[in-house]
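Number 50 in numbering that gives the first Met the number 0 belongs to position 51 of the sequence shown; there are no gaps in the numbering. To keep things clear, I will list the structure first and then write my remarks on it.
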Amino acid sequence: MDTIEQEKDHHRGKKVDKDLIHRLASIMCSDQEIAQAAGITVKALKKKYQKVIDLGKETGKKSLRRAQFEKALNGDTKMQVWLGKQYLGQKDQPEDKVGTQPLPWNDNK
């Protein structure tokens, strides 16, 4: 985690651990949960540490996406189908564009 300083930051005389904020954000904790764990208010968290939260959430999304792709590449067919729908535009019911023309009808028989 190169972009986040490992040292503790101070908020109103309290030591605030930026790494803790980043780790909690990366597992998609709410702002309220992060603030409570860091010992500061939600307002102070958002004002002073929003960049750390945003970076943490992006890190969490990347990790989750990586895990999904690994699952699919290791043969999880449900994950393969889901990713195919998300990224390849695949559908459960294929469109039959060839068979959509009405059959010829002749009333003269």
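Glycine is no exception: its CB is placed at the ideal position from the N, C-alpha and C atoms. Here the structure is a predicted model, which means the values were calculated and not measured.
Within the chosen definition, does the region 64-75 reach the region 32-50 through at least 3 CB pairs nearer than 8 Å? In this structure the region 64-75 does not lie against the region 32-50, because fewer than three pairs of beta carbons, one per stretch, are closer than 8 Å.
Tell me the DSSP bridge mates of VAL41? VAL41 pairs with nothing; no bridge assigned.
To the nearest angstrom, report how far apart PHE68 and PRO103 are at their CA atoms. Using only the alpha carbons, I get a separation of about 48 Å.
Taking the CB atoms as reference points, tell me whether TYR41 and GLN31 lie closer together than 8 Å. What sits at residue 41 in the sequence shown is Val, not Tyr. Yes.
At the level of alpha carbons, what is the spacing between LEU23 and GLU94? LEU23 and GLU94: Cα-Cα distance of roughly 44 Å.
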